[in-house]
Structure formats: structure tokens, C-alpha cells
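In the order they appear, the protein sequences are chains A and B. Position 237, counted from 1, in the first sequence is what our numbering calls 230; the numbers after and before it change by one each time, with no gaps. Position 353, counted from 1, in the second sequence is what our numbering calls 1636; the numbers after and before it change by one each time, with no gaps. The beta carbon of each residue, even a glycine, is placed where N, CA and C say it ideally should be. Data block below; observations after.
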Amino acid sequence: MILTLIIILFILMFLIPFIPGAYEIRKKKDAKPLFIDMEYRKDPRYFSLSFRKLLMDSLGEIASDEIHEVTLSKLEHAEILDHGRPVTGTELDMILYIRHDLISESDVTFHKEVYVREQTTIGKNNQLQALACDGDVHIQAGTTFFRWLDAQGSIRAERACSLGVDATCGKMFSLAKTCSFTRLYGFPVQTDSDEAPFQRTGIALEENLNVFEGDLIERISSDIPPFTIKNCSLIAAKSLTIGDHVVICGHVKTHGDLIIGNEAIIAGNVFAEGSITIGPRATIRGTVFSQQHTHIGVDVLIGAAQGIKSVISKKGVTLESGVTIYGYTMTEGKGLVL
Amino acid sequence: MEMVITLLKAYLLFTIGVMLVYSVRHYIFTLNRLFGEQRIYYQDILNSDLKTISVLIPMHNEEKVAANILDVLLLADYDKDKMEIIPMNDFSEDRTREIVDAYAQQYPFIKPLHRYEGERGKPAALNDAIKQATGEIIIVFDADYLPPRGILKNIAVSFQDPEVGAVMGRVIPVNTGGNILTRLLDLERSGGYQVDQQARYNLRLMPQYGGTVGGFRRKVLLDLGGFNTKILAEDTELTYRLSIHGWKVLYANRAECYEEVPEKWTVRARQIRRWSRGHNDVMFRYFFPLLTSPFLSFREKFDGMLLLLVYCVPVILLIGLIDSLFLFFWGDMSIFAGIFFLIFIGAYNTFGNFAPFYQVGTACLLDGVSRRILLLPFLIFNFFFNMWYISKGFFDACIDKLINRKAVWQKTERFRTTSNVEPSV
């Protein structure tokens, strides 16, 4: 009798851990495949394009200036205006759809998204959640975006603007000193300079610098002296310093930090496990990628007018004056214009 | 007899040592994913000058799935001038040829390769296709896979890094809800990719190229002599061949793709036995070249060695179990005594035995799923099932090595009846 009880107890104890799982197998409450967005493709302007589409689908054909109900992620109210002229200190609580232009005075707070079909001028020290504009955008000093900003035309951001998690445009994106950002996209993205633009000469002007691919790789363990020319890609097991005026017709990869000298030219991409420091007036035709920080010096050019390249840096990006980047800049840390 | 018992005790200690090493490895990977620094992958790079690609799809009697994969690849956002799709019809006896040719007539960038003579099997077919391919990068999907629109760019972009030789994406079972086997395989895959592979990428160790949902440089492979057609695990072999020659293998956790996992235990048994046979063959060939490669750091070599031995461990454990039974019935189990040994046993029972379960549980947590964690105790059945068939695969590999026998490729049975995928989260 006792033995039977012990055996039954043992079987019960053995089965207990399996009971919740058996219940789940039977009920299938969490039995669907993990979600993959089959339609996902990277688009730096995704936020604004998605917002525009949702708003326009929701508004349909609008004839009158009135307040409409729209469904974005939830049910919202949108105010339709011909022109937006909010005065100093105004707080706006609805989504705004502005058929023509928006000119705000200082210290205006937009608590919801704004869609402007023509030009936009944002006054000093405004606060916005998100702005989509079909024309050009001029942002005066001290304005903060909490989410995103997009313009079909150009964007000009004055000093000390905070550009949210995503700031994109279809034309030139110019940023004054002390602007902060997470992602930038423009053709090009350019930081202001007090000096006359640096004039590149010789090989740095060539749009299609030759990049030697494939097995033309040199594993390098010492720094590259100034004025060296390399017709191959370089891989360094540790940190690497590329001297001033060096020309590399290939890619560069380092497993430590990378310092690129003044007026150096790199025809390909630059990858580093450590931080990257790009010296003044250097030219990099390819993408710049760092698992740490990237510091881009005065008058550096990244990419070329006819293509899209990226500056990706996990922990932060700092841009000095006169920097030109054709394409995309992104960091998980803080982006700052010095 | 005393000598035999001493040997049995020594082997038991060796088994405990191996278990300890792999338990620590599981914990390092799991803790890295939970609290460690995560390296970013290259998916955020936008670059208008991506390389040309050839998408290879090995197909042997794939009439159930051939149209599905071609349909989804046609939607890919890769520049069509820079890509070609090569369905590799390898001795199919069903309608695969007919289906593939119909697509090729409509889309000029689909360039089928029909093989009805020569060597059979995936590595041989890949070698022929790579010779026909014109892309700088080869991307491979098995025929039962469903690649999302952006995955080709996601994989191809990493070859902007001049040191990258191969890239592996993440595989997610599409038929998770099929039965208990598919549900357990779903958990295994989560642990393997979301934690194991990503942690290896974070820690700059050796992520593994898995032969599908991944890509490699065509010229590099040709320079290294193409795939070895005698090896069943051509993907593992490529990982090691690239690594010991100085190329890096990356893992792309965001390059996710659905696959179909076996729904029958017999099919799973054949699959895991074949993997074990192939993997152990690679282990025999690459153990010493790995240790002597001038391009790998100490920790890459150490991790590579543990990965190479991963299909050996179940054999070691199985023999260890038998060993412990012998010792128990001989009444000679006592090896060590004392409070520290008691603490060790307690600690191992508390943490060591559960290391793989923590890993899978963490993967579920990171994936944002919850209730499937309830199935964790059922993995014990998979453990014994895998131990048995992996051991059989190990002995297959040993016999292959001893008598120079050539392994024959076996296709995994497909179960799909519909292409619809209903997502859960």
C-alpha cells in the first residue's frame, strides 16, 4: 500500500512540470509563428510617408475648413486650415492639416502632428511632436522635435535645434552649430561653416574613384605614413592611423580605433570596431561605420552627389563645420553638430 | 578490475568537465543577450552601390513550394538589374522543372539550372550554380523558405565590409503550431538564433553560416575551390574554411525568414542524424587547421573549437550516462567526498542542468512571446531524442572516415499545404 502510494506520488511529481505545457499544447494560445513583417524594407522617410498616407486616407477629399475625425494609430481630431499662423505662446492640441504654408511665432507648442502642403517656417523655441512638409522647412533657433521631421524639399535648422529621432528631407539639409539629432537624411546633409567652402582638387574631385575589391586586401599592423598611395583594401587587427594626404583606393576595416588624417582620400567604405576620427578636409566616397563614436572633422566630404552613402555610429556622431554627407546619418547615441 | 573502475571514474570526471564548459558557455551567451553590450549589425546602412547578387534555390522535387519562394522573391526590393535568381533543379522527378521554366519565361532575371547528370546533392548543385552565377554575392534560400521583401538588401549590405566572407540570417519556423515536435523545434531555433548566434556576434566569436538565409562572396568560394561535395554539412565547412583563411562570418538577427520544420519524428531523426554526420566530418577535418590559423584570435579559436565539438558532446554524455550506470551498479560511485563537492553538485543541479533552458527562455523573452515558455520542460524529450540520433550520426561520420565512405545527400520531407502565414505577435 505504501509502495503504491510512493509510486503514485512519484508519477505525480514527475508529471507536474509538464502540466502547464500540456495545457498550452492543447489550447494553442501561443502557437503561431513569430512575427516577421514580410513587407518590411528600410526607408529612412518611413515615418512621414506612413503618416501622410494614413492622414490622407482618413481625410479623403476635403472641401471645408473644419475639424475632422481621423484614424491614425487611434482615433484623433484633425483641424484643416488654409494657412497656419500660430502666435507666441499658443498651444495646439489637434493634428493640423495646412493646405498652404505654416509660419509660427516663438514659443508655440504643437502637441500633435502637423502636415503642411507648402512652405514651413517654425519660430524660435517651438516644440513639435512631428512635422511633414511638402515644401521647404526653416527651423529657427532652439526648436525641439520630439519625434520626427520630414520635408519633400530642403530643411534649414538654426542653432540649438533638437531634431528628434528622425529628420529627413528630399533635398539639402543644413544644420547650424549645436543642433542635436539621431537620424539625418538629405542630399546632402551639410553643417554650416563660417569659412569659405573648401575647394577640393585633383583626385578628390573624381566622382568614380577606383575601388580595388576582392583579394586585393592588405593586412596591416603599422600606421600609414603621410602621402602614401594604396591600391588595395586594408584590414588592421588593432587600431590604425592613416596619415595626412594618404590615398586609399579600397576599403578600410579596423578592429580597434581608426584615425584618418587631414585631406586623406578613401575611395571605399570605412568600418571600425572602435571609434573613428576623420581629419579636416578628408574625402571618403563610401560608407562610414563604427561600433563606437564617430567624429567628423571640418570640411569632410562623405559620399558623392549621385549616390547614397551612410554614416552609422553606435554610440554617437559629432560633426564639425563644413561637413557634407550625401545620404544617411544614424546613431543609437547622440548626434551633435559642434 | 580496479584499473577499469579508475578509467570509468576518469571518464566520468571528463564528462562532468565537458558539461561544465558548455554550461558556462550557455550562461555567457544568455547573460550577454540580457545584460551585455549588443553590437549593431549593418542593416541600417543605406548604400546605392550594393553588389550584384545571385539568389540560389536548391530544389529537388519541390513542386509543393517552388512557386511560393519565386513569388516572394519577385517582390524583393533589390534592384532587379543587380540580381538574378537561379532555381537549381537537381534531378527532380515531379513538376519542379515545369514550374521553374514557366517563371523563367516571364522574368528574364530568373535563370534556372536543370541538373539531370553528374554528381547529385546540394554541394554539387551549388558548385554548378556558382559557376553559372554572375553575381558578386551568392545568397542561398532553401525551397521551403519565404524570404521577406527587404531581406536581400539586409544580407547583401554586410559585404560592404571588406572582411566579411559570409553572412547568416535568422530562421523562424512557419509551422510552429503543427504539433509538439514543431513547437519544440521552434523553441530550439529561438535559443539557437536569438541568443546563441547573436551572442557570438556580440562577443566577436564565430557565428555559424547555416547554408540558407545567408550569403557569401562568390569569388572567395571559387578561390577556395568551391564546396567539397563529400561533405554533408557544406555550410559548417564553409564557416570554418572562411574563418581559417581570415574571412569573417556575421550573424544578421534582423534578416529573418520563415522555414518549414519537420512535423514527423522520423523526418527529424534523419535530419539531425545527417547534421551530426556532416558536422562531425567537418570536426575531423578542421580541428587542427582551426587551432593553427594565424587569422583567428584565441577566443575565436576557443569558441570555434566548442562549436566544432557541439555534435560530439551528446556522444560524450551518452557514454558518460552508461559509465555512471556501470559505476552505480558496481557500487563504486564515490569519486570525491566533502562539503565542497556537495556544494558543487548542488550548484550544478541548480544552474548547470538548466543552462540550455535559461537560454531558450531568454530567447522567448527577447522575442516577446510568453506562453510557449511553458513548454520548456518538454525539451527534455528532445534532449534524449537528439542525444541518440546525434550519436548515431557521430558513428556514421567515424565509419565514413575509417573506410573512406561517401555520404549520400538526403532531402528533408516537406509538409506545406498552403503558403499562408498567420503571424502571432
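In chain order, what residues of the same chain lie with their CB nearer than 6 Å to the CB of residue i, ignoring the 5 residues before and after it?
| i | result |
| --- | --- |
| Ala1412(B) | Leu1339, Ile1369, Met1371, Leu1396 |
| Ile305(A) | Phe282, Met323 |
| Trp1530(B) | Gly1448 |
| Leu1353(B) | Tyr1386 |
| Gln1491(B) | Thr1522 |
| Asp1425(B) | Thr1495 |
| Leu312(A) | Thr184, Ile289, Val330 |
| Cys172(A) | Ala150, Cys154, Val330 |
| Gly123(A) | For the sequence presented, residue 123(A) should be read as Ala rather than Gly. Within the same chain, Ala123(A) has close Cβ partners Glu106, Arg140, Trp141. |
| Pro1341(B) | Met1371, Lys1405, Ala1408 |
| Asn1536(B) | Arg1453, Gln1481 |
| Asn1665(B) | Leu1467 |
| Pro1706(B) | Only weak support exists for where Pro1706(B) lies, its pLDDT of 35 falling under 50; the value from the coordinates is given anyway. The answer is none, since no qualifying residue turns up. |
| Arg92(A) | Asp75, Arg110 |
| Asn262(A) | His244, Gly279, Thr280 |
| Tyr1569(B) | Tyr1523 |
| Leu95(A) | Gly77, Val109, Thr113 |
Count the other CB atoms within 10 Å of the CB of residue i; is the residue buried (16 or more) or exposed (fewer)?
| i | result |
| --- | --- |
| Gly14(A) | buried |
| Met1286(B) | exposed |
| Arg1466(B) | buried |
| Lys302(A) | buried |
| Leu1505(B) | exposed |
| Arg1316(B) | buried |
| Ala297(A) | buried |
| Glu188(A) | exposed |
| Asn1632(B) | exposed |
| Thr1645(B) | buried |
| Ile(-5)(A) | exposed |
| Val80(A) | exposed |
| Arg1655(B) | buried |
| Val1708(B) | Summary for Val1708(B): the model assigns pLDDT 32, below 50, so the residue's position carries little reliability; its value from the coordinates is reported in the next sentence. So Val1708(B) ends up on the exposed side. |
| Gly1300(B) | exposed |
| Asn1636(B) | exposed |
| Asn1669(B) | buried |
| Arg176(A) | buried |
| Ile271(A) | buried |
| Pro1597(B) | buried |
What does residue i pair with, by DSSP beta-bridge criteria?
| i | result |
| --- | --- |
| Ser232(A) | Ser232(A) is not bridged to any residue. |
| Thr276(A) | Ile258(A), Leu294(A) |
| Tyr90(A) | Ile73(A), Tyr108(A) |
| Ala1535(B) | Gly1452(B) |
| His244(A) | In the DSSP output, where bridge partners are listed per residue, His244(A) has none listed. |
| Leu251(A) | Leu233(A), Ile269(A) |
| Pro1341(B) | Met1371(B) |
| Ser167(A) | Arg149(A), Gln183(A) |
| Ile1393(B) | Ile1368(B) |
| Ile318(A) | Val182(A), Ile295(A) |
| Glu62(A) | His70(A) |
| Thr1289(B) | The partner list for Thr1289(B) (beta bridge, DSSP) is empty, contrary to what the question assumes. |
I'd like the list of long-range same chain contacts for residue i, defined as Cβ closer than 7 Å, with 5 residues on each side in sequence excluded.
| i | result |
| --- | --- |
| Ile1663(B) | none |
| Thr1595(B) | As written in the sequence, residue 1595(B) is Cys, which differs from the Thr given in the question. So the list reads Asn1563, Met1566, Phe1677, once near-sequence residues are dropped. |
| Thr1459(B) | Thr1465, Arg1466, Asp1469 |
| Leu47(A) | Leu65 |
With a threshold of 8 Å on Cβ separation, who are the neighbours of residue i within its own chain once the five nearest residues in sequence on each side are excluded?
| i | result |
| --- | --- |
| Leu1589(B) | Val1304, Tyr1305, Arg1308 |
| Glu1376(B) | Asn1344 |
Counting only beta-carbon atoms, is residue i nearer than 8 Å to chain E?
| i | result |
| --- | --- |
| Ser99(A) | No chain E is present in this structure, whose protein chains are A and B. |
**Request:** Determine which residues of the region 18 to 36 of chain A have a Cβ less than 8 Å from any Cβ of chain B, and write them out in chain order.
**Result:** Ile18, Lys21, Lys22, Asp23, Ala24, Lys25, Pro26, Leu27, Phe28, Ile29, Asp30, Met31, Glu32, Tyr33, Arg34, Lys35
**Prompt:** Taking the runs of the alpha helix (DSSP H) that are 4 residues or longer, which of them lie wholly in the region 1441 to 1492 of chain B?
**Reply:** 1463 to 1473, 1481 to 1485
**Asked** If you measure beta-carbon to beta-carbon, which residues of the region 1323 to 1345 of chain B are closer than 9 Å to chain A?
**Response** Ile1323, Tyr1325, Gln1326, Asp1327, Ile1328, Leu1329, Asn1330, Ser1331, Asp1332, Lys1334
**Message:** Please list, in chain order, the residues of the region 300 to 326 of chain A that have any C-beta partner in chain B closer than 8 Å.
**Reply:** Gly300, Ile301, Lys302, Ser303, Ile305, Lys307, Gly320, Tyr321, Met323, Glu325
**Asked** What residues from the region 1646 to 1662 of chain B come within 8 Å of chain A, judged by C-beta to C-beta, listed N to C?
**Response** Asp1650, Val1652, Ser1653, Arg1654, Arg1655, Leu1657, Leu1658, Leu1659, Pro1660, Phe1661
**Request:** Identify every run of the beta strand (DSSP E) within the region 1546 to 1600 of chain B, keeping only runs that are complete inside it and at least 3 residues long; order them along the chain.
**Result:** none
**Item:** chain A contacts made by the region 1441 to 1459 of chain B, where a contact means CB separation under 7 Å
**Value:** Gln1443, Asp1444, Pro1445, Glu1446, Ile1455, Pro1456, Val1457, Thr1459
**Message:** Please list, in chain order, the residues of the region 164 to 188 of chain A that have any C-beta partner in chain B closer than 9 Å.
**Reply:** Arg176, Tyr178
**Message:** Restricting to runs no shorter than 3 residues, where is the beta strand (DSSP E) found entirely within the region 94 to 164 of chain A?
**Reply:** 107 to 109, 113 to 115, 120 to 126, 130 to 132, 137 to 144, 148 to 150, 159 to 162
**Request:** Give the residues from the region 237 to 257 of chain A that approach chain B closer than 9 Å (Cβ to any Cβ), ordered along the chain.
**Result:** Gly243, His244, Val245, Lys246, His248
**Message:** Against chain B, which members of the region 218 to 238 of chain A pass a CB distance test of less than 7 Å?
**Reply:** Ser226, Ile228
**Request:** Could you name each continuous alpha helix (DSSP H) segment of 4 residues or more that falls completely within the region 1396 to 1421 of chain B, going from the start of the chain to the end?
**Result:** 1405 to 1415
**Request:** Check each residue of the region 261 to 290 of chain A: if its Cβ is closer than 8 Å to any Cβ of chain B, include it; give the result in chain order.
**Result:** Gly261, Asn262, Phe264, Glu266, Gly279, Thr280, Phe282, Gln284
**Asked** Closer than 7 Å, Cβ to any Cβ of chain B: which residues of the region -1 to 14 of chain A, in chain order?
**Response** Pro10, Phe11, Pro13, Gly14
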